[in-house]
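In our numbering, the protein residues as written are 918 to 1215.
All residues carry an ideal CB built from backbone N, CA and C; glycine is no exception.
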Amino acid sequence: MSIKKSGIITLCGRPNVGKSTLTNALVGEKVAIVTNKPQTTRNRISAILNRGECQFVFVDTPGLHRARTRLGDYMVNVVKESVADVDAVMLLVEPIPNIGDPEAELIARIKTLGCPSVLVINKVDTLEHKEKLLEVIQTYTQAHDFTAVVPISAKNGEGVEELLGVLEGFLPEGPQLFPEDMVSDQPERQMMAEILREKLLLCLDKEIPHGTAVEITKFSERDDEVIEVDATIYCEKNSHKGIIIGKGGAMLKKISSLARRDMERFMGTKVFLQTWVKVKENWRDNVNLIRNFGYRDE
């Protein structure tokens, strides 16, 4: 079936509200890394869904937070640029009848766009009393005249089908923007780095993961179809390096093993992964290093 409608839909919200979980739920594949730690997503990720005659391009952005480093500045700019020049925007919020500063800032930005906007209330499965939902809807609809309001649970898929139905109505007529077999516009190298970074976030204490970056220094396919991946994990302190490696290399082994499993699932073939850990002090404030690690402004 040929694509007759296609469009770009941005997903925005405060850190840790479930944007990456929803992106993955919408496209039915894991294209964005998911952890319970804020500021997990650093790059703008486009996830692609072909459904019937429609192609949806979902732009998952880093959460809007107060920047404390050059990397933080970059992440905030990505959000601001991602809610410009799109066909629709989703504001993802938690089921709390109170508008925080990040939401207020995003609503102000949405008002200037003039494109359809959907209030998506996530984590409704955590509500004991459903009438609480009406309070949340009332609070937000007083702040902005949203085109639609859809309560969902990205975690268990509740409401995701209804959300897609609503979003389909906003897609303009037009050709497909990406090839049919693509689920993400992220290069495979970048996806390998993101998978490894997700495991760092899952396995390590709060502070250390945000001071880490991953560079894929080798990505090649052997004759036996095994993909060889060499990855360097950069951290900011020697003490962090020791924690990442762990006693007798146990932590690094655990992180690498979890990452390799997901890489193989993503690539659909065997992966031979080698990882190293290096110290690069204050890399988050070094523009050149930020660019080297794949965080670009375009």
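- For the pair alanine 1005 and isoleucine 926, the CB atoms are nearer than the 7 Å cut-off.
- Between the region 1143-1153 and the region 1075-1087, the count of C-beta pairs closer than 8 Å stays below three; the two stretches do not touch.
- Counting along the chain, glycine 924 sits inside the beta strand (DSSP E) bounded by residues 922-929.
- In this structure, the alpha-carbon of leucine 1175 lies about 19 Å from that of threonine 938.
- For the 7 Å CB-CB criterion, valine 1041 and proline 1068 form a contact.
- In the DSSP assignment, serine 1034 falls within the unbroken beta strand (DSSP E) covering 1034-1038.
- With fewer than 16 other beta carbons inside 10 angstroms of its own, glycine 969 counts as exposed.
- Exclusion of the five residues before and after serine 1070 leaves Val1041 and Asp1042 as the residues of its chain whose Cβ lies within less than 6 Å of its Cβ.
- Listed in chain order, the non-local C-beta contacts of leucine 1080 below 7 Å within the same chain comprise Val1037, Val1067 and Ile1069, local neighbours out to five positions each way being set aside.
- With a minimum length of 4 residues, the unbroken runs of alpha helix (DSSP H) contained wholly in the region 1141-1167 fall at 1155-1162.
- In this structure, Leu1008 is the residue among Ile1054, Leu1008 and Glu1052 with its C-alpha nearest to the C-alpha of serine 1034.
- Going by DSSP, valine 1066 is part of the beta strand (DSSP E) stretching over 1065-1068.
- The DSSP-derived three-state label of phenylalanine 1095 is coil.
- Counting other Cβ atoms within 10 Å of its Cβ, threonine 940 reaches 16 or more and is therefore classed as buried.
- Per DSSP, the continuous alpha helix (DSSP H) segment holding glutamate 1115 begins and ends at 1105-1120.
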